[in-house]
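For any residue, its number in the working numbering is found by taking its place in the sequence shown, counting from 1, and adding 108.
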Amino acid sequence: MDSLGDSHFDLHPDEFFRPQGALNDPSIPAPSDEDIFTTRHGHADFDRFLLTESPEAFAQFSRWKDRMRAREPVSMTDTVVIAQTDGFAAWRMPFEPRYPLEALPESTEAHLHTIKRATFPLFAQMLEQSNSFHLSLEKELTPINGLGYARTFVCTLLQVDGQEVAGNAPDKLCVKIFDDSYGEVSDIHSRPLWMQLFHTATELIQREENTYTRLRHAWGSALPWYYGAHSFTDIYGRNFYGILMEFVPHVEQDIKQFKVHDMLFEFYNTPTSAKQTGAPIR
């Protein structure tokens with residue numbers, strides 16, 4: 109990559125595409141809004157080609173999206189979700205990078221090893237070989253504002269295949285559950301390549317899982333321990349896909365201990381003064 113030069117920005121041509129397909133037979137009536145509202149639950153239920161080529165189809169999708177985003181988000185804290193182990197397998201698409209990853213410097217490898225947190229190999233093996241497990245959702249880490257594609261919770265593992273696992277698993281875990289029905293989609297008239305910003309829940313999970321897979325060497329140090337992508341059913345009977353990770357408690361850092369230099373940036377999660385006007389980290 110060094111040979112490309114600092115000013116070279118390499119874009120994968122396959123990332124910019126126009127969906128292929130065919131318009132619906134005009135002699136067949138389009139589904140009514142009521143049919144769409146009743147039968148469509150996520151972005152994957154819509155035809156990308158129609159959304160791109162048919163203004164009527166996109167307008168109907170927009171009405172569906174407005175209806176979905178207007179719903180009051182359901183509280184999921186203090187509830188139990190049932191997971192089907194590796195229930196995301198049918199959607200898995202291994203990542204194939206265009207360029208090989210270079211080996212990390214020995215000093216970096218040594219640092220990652222030094223800061224590595226406790227692992228639970230028996231738990232990871234038990235979970236991998238299981239059919240199902242139950243999680244108790246305790247605290248939501250993402251605000252319930254109806255605008256996101258995912259919700260993240262601190263949780264406790266209650267049982268695996270009907271058996272309690274006390275003492276054999278981490279005290280706390282973190283689960284990220286994806287639901288694109290609340291996610292914001294740009295207006296087709298404002299972005300000519302709006303389809304590049306049209307995401308489905310399964311695509312977002314594919315990206316996260318592939319990232320964790322490629323960065324396996326950093327699990328338990330720079331990244332949480334990763335425990336796979338699964339399907340989940342909540343107490344309301346809704347089905348989602350999501351990923352299970354180690355929960356890493358927040359640790360306060362005194363910024364004064366870091367040496368300030370030209371390449372150091374300071375970000376504020378919640379700007380509270382005139383000097384803190386940067387956009388919040390999301």
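Note that CB positions come from ideal geometry on N, CA and C, so glycine has one too.
Closest residue to residue i among the options (Cα-Cα distance)
i: R346; options: L352, Y320 and I285; result: I285
i: S329; options: A226, R175, F169 and D342; result: A226
i: E311; options: P332, D288 and L323; result: D288
i: E292; options: K280, A309, V283 and L281; result: A309
i: Y290; options: V182, F228, P229 and Y207; result: V182
i: Y257; options: H151, R175 and Q271; result: H151
i: Q237; options: T193, S215, R200 and T264; result: T193
i: T160; options: P127, W199 and N318; result: P127
i: N318; options: T264, F157, P137 and I351; result: I351
i: S140; options: S162, Q168 and Y349; result: Q168
Burial state of residue i, where buried means 16 or more other Cβ atoms lie within 10 Å
i: Y335; result: buried
i: F104; result: Residue 104 lies beyond the stretch modelled for the chain, which goes from 109 to 390, so this question has no answer here.
i: R299; result: Residue placement at R299 is flagged as unreliable, the pLDDT there being 48, under the threshold of 50; the coordinate-derived value follows with that caveat. Burial call: exposed.
i: I313; result: buried
i: P208; result: exposed
i: Q233; result: exposed
i: Y349; result: buried
i: R179; result: exposed
i: M201; result: exposed
Backbone CA spacing between residue i and residue j [nearest angstrom]
i: R177; j: H149; result: 12 Å
i: Y320; j: P332; result: 9 Å
i: P251; j: H325; result: 31 Å
i: V356; j: L131; result: 49 Å
i: A138; j: K173; result: 18 Å
i: H221; j: E316; result: 23 Å
i: A191; j: F228; result: 20 Å
i: L243; j: T147; result: 28 Å
Within 7 Å, strictly: CB atoms of residue i and residue j
i: S418; j: G129; result: Since the displayed the chain opens at 109 and closes at 390, residue 418 lies outside it and no answer follows.
i: V268; j: F241; result: yes
i: F231; j: A277; result: yes
i: F261; j: L245; result: yes
Chain B contact for residue i (CB, 7 Å cutoff)
i: T341; result: Reference to chain B is not applicable here, since this structure consists of a single protein chain.
Could you pull out every unbroken beta strand (DSSP E) segment of at least 3 residues lying fully inside the region 145 to 222, listed in chain order?
-> 187 to 192
Output the residue ranges of the alpha helix (DSSP H) runs that lie fully inside the region 213 to 295 and measure 4 residues or longer, sorted by chain position.
-> 214 to 222 and 229 to 236
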